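Notes for the one structure printed next.
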Amino acid sequence: QAKDVRVALIPGGPHPYFANWEQGAKDAKRDFGIAAADYKVPAKWELGLQNQLIENLSAQGYNAFLIFPGDPVATNGPMQDLASAGIPSIATAGCTKDPTPALFCFGTDVGRSAYLGTQHLLQAMGNKGTIVHFTGNLVDPNTELRMKAVERAVAETHGGVKLLQTIADIDRTPQEADEKINALLAARGKEIDGIITTAWLPSVSAATALRRIGDKRIKMVAIDHDQVVLDAIKDGYLLGTMLQNPYGQAYIGSYVMEEIVGHGCKVNAGAPFKKNAYTTRFVDSGTAFAGPNDVAHYQDVMKTVTKDLMATFKATYLTCS
Amino acid sequence: MSDTFLEVRGASKAFVGVQALDGVDLAVGSGQIHALLGENGAGKSTLIKILTGVHQPDAGTVRLRGVPVAFRTPRDAISAGIGAVHQERNLITRFSIAENITLESPPSWLGLFDADAAARATRRWLNLLALEIDPATPVARLSVAQMQLVEIAKALSLESRILVLDEPTSSLTPHETARLFAVLRRLAGDGVGILFVSHKLEEVFDLCSHVTVLRDGRNACGSRPLAGMTRADVVRLMIGREEASFTAPPAPARAAAPALELRSVSTTFGHCDLSLRAYAGEVLGLYGLVGAGRSELARAVIGVAGITAGEVLIDGRPAAIRNVTQAVRRFGLGYVSEDRKGEGLILQHSVAANIAATVWHRLRRVLGFVSDAMQAATAAPFVRALDIRTPSLAQRAGNLSGGNQQKVSVAKWLVAGSRILFIDEPTVGIDIRSKADLHDLVLRLARQGTAVIVISSDMPELVALSDRIAVMKGFRIVDTFDNTRDYGQASQRIMHAIHG
Amino acid sequence: MQVTESALPAAAPEMRRPGGWGDAARSNIAGLLLANIVFIIAFALLASGFTSPINVYSLSRSIGIDGVIGLAMMTVIITGGLNLALGAIGVCGAMVVGWALQNAGLPIPAALLLGLFAGGALGAINGLIVVLTRLHSFVVTLATMSVFFGVMVLLSGAAGFNALPASLLAFGRLRLFHMVSPLLLVMAVVALLLFYLYRFTAVGREMLAAGANPVAAKLTGLPVERLFVYSHALCGAVGAVAGVMVSLRNGAIVPSMAGPLGADWLLPAFLAPVLGGTALTGGEVSVLGAVLGTVFVEVITSGLYMLQIGEFWIQTALGIALLAAILLERARAGAMLSRSLRG
Amino acid sequence: MSRLRNLLRADWLGLLLLVLGGSAALAVVRPEFLTPYNIDVILVSFCLTVVYALGQGVIIAIGHMNLALGAIGCLVAIAFGGAMEVWHLPIWLAAVFGLLLGTICGFINGWLTWRSGLTSFIITLATLSIFKGTALGITQAQPFYRIPDAVKAFGSVRWGPLPAMLLLALPIVIATGIFLARMIPGRQMLAYGGNPNAAELSGISRARVVLLAHTLSGVLAAVAGMMTVARLQNATPAIGDEWLIASFAAPVIGGAVLTGGHLSVVGTCLGVLVVALINQALVMLAVDPFYVQVLLGLLILGAVGLNRLREARLGTTAPVRLS
Ligand SMILES: Nc1ncnc2c1ncn2[C@@H]1O[C@H](COP(=O)(O)OP(=O)(O)OP(=O)(O)O)[C@@H](O)[C@H]1O
Ligand SMILES: Nc1ncnc2c1ncn2[C@@H]1O[C@H](COP(=O)(O)OP(=O)(O)OP(=O)(O)O)[C@@H](O)[C@H]1O
Ligand SMILES: [Mg+2]
Ligand SMILES: [Mg+2]
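Protein sequence lines correspond, in order, to chains B, L, W and Y. Just so we're aligned: 89 in the working numbering is position 16 of the first sequence, and the numbers increase by one with no gaps anywhere. Just so we're aligned: 1078 in the working numbering is position 374 of the second sequence, and the numbers increase by one with no gaps anywhere. Just so we're aligned: 238 in the working numbering is position 207 of the third sequence, and the numbers increase by one with no gaps anywhere. Just so we're aligned: 229 in the working numbering is position 222 of the fourth sequence, and the numbers increase by one with no gaps anywhere.
Pasting the structure below:
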């Protein structure tokens, strides 16, 4: 009775973060016998291009979509198109804003991740000193969530820690991030005791910069699993990084689609979804702090998180006849 | 014909919609100064472009000293020993005079451009033409005439065996022209073959020994000695009939107030305390040597530059002209630029669009509607009136021959119906038939009530046209007198005003 | 007028009317048309799903949007300038519409008009700066791109508008004949208006003349500066239309719709007019060419996606297809020209 | 005397004054501005940008454009990184390979533009797609990380305020300056850019000029790409993404004319510095992130506007402009 399920996994553009999606999708295809679970990347990091790709893939017969929303609001558009053709989609790795046609949002709770990361940093600093925050692009509303989360964590030290400066809009190109971060370190390096980064490129650039100065006085917590970041943690330049779980997003997401499209399951409306700034149907794909001891096997960390989620996922979030 | 240097046989060339050349023959001997004549659009420049590798002929052969050659690029022609001054200005305006003149083979030292050597080499050629300017001056700062001299100097500097000059004297005054001719005669004496194009027949008879005449892309006469031919013969070959004799109708009674009056005007260009009157119904000629500031005066009056002191009156009433649009649309002024390619025409637009540009705002109907047909209807009578040779009204102005382009830039002011019209060098590059037409037209225009101010470096033309002549020197008016159209008398007075 | 008909010489040159099939076949419009037909047929045969209603719909929508973006840029290219701030203005215009609808509660037509006006005003600011400072529009719009976008993010806090009126969204989602987006019609209307402007109105002709040779136009008495400001304002207004169209596709108005600083629009904005034969040096315009250029680019993009070329290689394939097509077109035009000269 | 006058008339003098004045003002407000580390940061930014800005500059000089500049830089960067990581080539060989690749890419651009007679805009837009797509296709968007320490050191080492990269950037700037100002092929490129018709009538070969300029542009892009690898310590296919506008901005701010015929190398350097300085100031003065873009735009406009004002005063503008 099973219908052929063809899942398309579409990131916002070419980016190393999503490399683990491909593996997750492949594993899911093998483990659950899905007809197709293909990772399809827009040629450039452009909203219009992504929308076009989605339309194109639906014309090619893909009938289930895991989409990283190029924009939390605007990606509702193509998802609506899919929905009206009876094709389900899940907002993956990032959320679309309610009201949204997405079944649910399956990703990192960015606010929480930024908050936890900052807490790790502040604790290591003994809740005293000055920190700076390097983050992503202002047009990405996640950026503001991250800025607020960092501010909240800082505020909770009741004046013990001061947020010296936030630099945003540096997640576009590596060179720009490198320039601005070094400029800040050059100008105010002495005043800075800690660095929190909440976007990929700033994490890489800041880690490189600290290594270049050779300064282990400044403490830093990064985000994601770029090789540069992991190496810097191993060598003691960074306290650790906030891992996200792209592998699990793709693996579990593909599995869910197989259940829904192939076997007629439905999303359980009464499931214990979490709430975040965008949506009331949020499922946390897991976030974990990885310190020097976890770096070598960070992928196992993600797989463990995935296994735990997987164990209860169907029972919690789906109803199958 | 043993000393025939350059020989063209049966050259043909077609452009879209035009057969520019159709089996043309030409032979230029060593030491010969050979005139190439013909009406506007007869195909002279096209022939020259074939000789210089710009165009490739559809048919026909070119031989140098009996050896067939096929130039694929201008470079081939230059290395084969053909130097040219083209009809259009071809200078790099951002470069200095020296850099332009040495562009073909720049002097270098260890691979570096040697500016001093270039300046030295350049000065020699400039001196030859009596052009006293620092070779380091950027060409952009030069006047049209100065640029023309620089181009001639550039062609001379190649020291080639064959020199091709396409209307080299169009912007020059007799003084500079004489200087150039002396140089050319010396070159010819050294055995250089010279092909010379001009619409000024006086010059041709003064300079050339042989002549080839083209008509509609065909030979009206092959290369033959000029000796024994009269001006009338040549004209008949060119236009197929006698030259129309031209007599100016008498000037009407002068209106009380001049159409345009300048009272002690000073401008940002550097004119100071300059007074001038131009009356409706009259042609006022403005003479001066190159650089006297005549063009600048016209441009200042139509609002290109600021008037810093004095008063401009139009029809006796003070007029504050703030910009060109106001000058043209409100005060009825017009200016035919001496630089038709740079400032007179929009080369890539159609003939009709160029002519009608001054009146689009008047043609428009509801919703600003102006159709091609309306535009064409506006332009067509003037194309016919000036006998502008164009395959269609939709032809790009840039594809017309030089003379026809000039007519287009006059035509647009006729369309605008300007009441005060400056015409700067009205017949530069215009053939004798059109010149007569144009003179006729200018006078007719004046007699019908326009105040025409003609700026011309062609003294015979100015004397023939003007009712009054003002002489300028160093941005001032040095003399103004009523013209009796007696050339000897007028030229003496002008020369006296300038040099005396 | 001074010259009366009676004074004209009897022999009038023959006034051949332009056009005819020969001219049309040689122009690059014909080439684009041919390339479009060839590619459409090829993709229809090779790529399954290319002609499916869903793909045709998506194609028509992309053509509509990118077409308007290209037309917007075309209006300043004719001045010999360009507008890097086009994307920023488009986003600003759309955001004004969003604000008007959602926060100010204006009716849809009033909101759209306001957005159009805002886009026009921002464009006019560009134009005024260009004319007053005589800086190249490249530098001016490079700076204003940053300023416009920055102010927009500042005022909006980077938050978009996602509660647009249902009727507006429904319009955006309409399917004419089950497969054509109304956005394509919007583009057709914009194209027709621009065609009318440049072909049949005084001010349009004046804009072209001013762009082709500002000095000559000025000496002809045209108000060149004012015409330049008009052109930039027009660009802004059309840009705002494009912004709203993108919003209709997205179902929401968001600051990120044109990428950082609105720069994502730049390549499609230039590509279509230039492919269509609008000279970057100004003074020439081909509305139909720009439209056909857009169609061409969208068709090969869509078709190559349909062929399922490896994800990351799609851009390479796109570049090769584009190059091959323009080179072939070039060869064809050359062959046509030499044939017509011989014939 | 006339040399002094020439200097006063130079179109980049205003920019120089702006850079000096701006630096002085910043140094007063923020004394850290003059620390060696900080000067190093600005110079690094200068080195990376000026090379590709000149890569665009030589194309602007002939009145063309090279939209594929960043894509060439990207392709060369990952080829350089890949050659060392995957093929284990020694550094010098990898660098030669990168240079060769850049040369070939540039030559392809030039050859296609020359043979087709189409505008370089279209050609390089197509090759942009091809080069960038190839870079993405090879890497699958993953950076090459294993960059030899010597290469990393080249991007990081500094002597006081002077970064090692200056050793490469400075000779390139000087060579390009001499090439355009004094060498015959450079002059021919400018002549062609100033008036292609006239240049051809003077026997300058269009093929040579176009091929030379595009090839040169490819080489400079390649150098810039490999320098960026050294600086970022990895070869990511995101290199070159921001080059397009910046590469035009610096020469144009420095007085270059987009229609060709004029390029001031000094002006281009100052154009790069002005933008770097503005960015630096915005970071140093801890501007609220939401105001950064607005101020950046206004400052650029202000800087260029001031320079323009000075030109207008001196009347050094081209006389073809009316009044
Ligand atoms: N590039 C071109 N494209 C189309 N037609 C052309 C082109 N060049 C010249 N023509 C046409 O060829 C004919 C001959 O032009 P040519 O310039 O040789 O005349 P000419 O004898 O030099 O005239 P003039 O005395 O006015 O300079 C004209 O009808 C002209 O319109
Ligand atoms: N763009 C310019 N920049 C600087 N000087 C100029 C410029 N154009 C012209 N001049 C100078 O201004 C003076 C007057 O110009 P111009 O030669 O045009 O006057 P004219 O009387 O109209 O002479 P003609 O029209 O015969 O050349 C000349 O000395 C010339 O060198
Ligand atoms: Mg001619
Ligand atoms: Mg003059």
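Glycine residues also receive a C-beta, built at the ideal position from the N, C-alpha and C atoms. Computed from a prediction, not measured in an experiment: that's the story for all the values here.
Quick one: give me the first and last residue of the alpha helix (DSSP H) that residue i is part of.
i	result
Gln-125(B)	120 to 132
Gly-1121(L)	Element bounds for Gly-1121(L): n/a, residue is neither H nor E.
Gly-118(W)	117 to 129
Val-161(W)	139 to 164
Glu-863(L)	Looking at the DSSP string, Glu-863(L) is not in any alpha helix (DSSP H), and its letter there is neither H nor E.
Gln-723(L)	Run containing Gln-723(L): none in the alpha helix (DSSP H); it sits in the beta strand (DSSP E), 722 to 733.
When the Cα atoms are used, what is the spatial distance from residue i to residue j?
i	j	result
Leu-292(W)	Ser-369(W)	46 angstroms
Tyr-390(B)	Thr-353(B)	14 angstroms
Val-868(L)	Ile-786(L)	7 angstroms
Arg-1033(L)	Leu-1125(L)	13 angstroms
Ser-874(L)	Thr-1131(L)	9 angstroms
Val-1070(L)	Val-217(W)	24 angstroms
Leu-964(L)	Leu-740(L)	42 angstroms
Just verifying my parser: in three-state terms, what is the DSSP assignment at residue i?
i	result
Lys-170(B)	coil
Gly-287(B)	coil
Tyr-310(B)	coil
Met-183(W)	helix
Ala-1186(L)	In the sequence under discussion, the amino acid at residue 1186(L) is Asp, which differs from the Ala named in the question. Reduced to three states, the DSSP call for Asp-1186(L) is strand.
Gln-192(B)	helix
Leu-96(Y)	coil
Val-771(L)	strand
Heavy atom of ligand 1 less than 7 angstroms from the Cβ of residue i, yes or no?
i	result
Ala-715(L)	no
Arg-793(L)	no
Phe-900(L)	no
Using a Cβ-Cβ distance cut-off of 8 angstroms, determine whether residue i contacts chain Y.
i	result
Thr-232(W)	no
Lys-253(B)	yes
Asn-794(L)	yes
Just curious, the beta strand (DSSP E) that residue i is in, first and last residue?
i	result
Ala-295(B)	292 to 296
Leu-74(Y)	Segment: none, Leu-74(Y) is in no beta strand (DSSP E) and carries neither H nor E.
Verify the contact flag: residue i, CB atom, against every heavy atom of ligand 3, threshold strictly below 7 angstroms.
i	result
Gly-1102(L)	no
Ser-874(L)	no
Would you verify that the beta carbon of residue i is, or is not, closer than 8 angstroms to some beta carbon of chain L?
i	result
Pro-254(W)	yes
Ala-243(W)	yes
Leu-208(Y)	yes
Arg-194(Y)	yes
Determine, for residue i, whether the minimum Cβ-Cβ distance to residues of chain B falls below 8 angstroms.
i	result
Ile-345(W)	yes
Tyr-227(W)	no
Val-48(Y)	yes
Val-180(Y)	no
Ile-85(W)	yes
Check the Cβ-Cβ distances between residue i and every residue of chain W, and say whether any is below 8 angstroms.
i	result
Gln-133(B)	yes
Ala-110(B)	no
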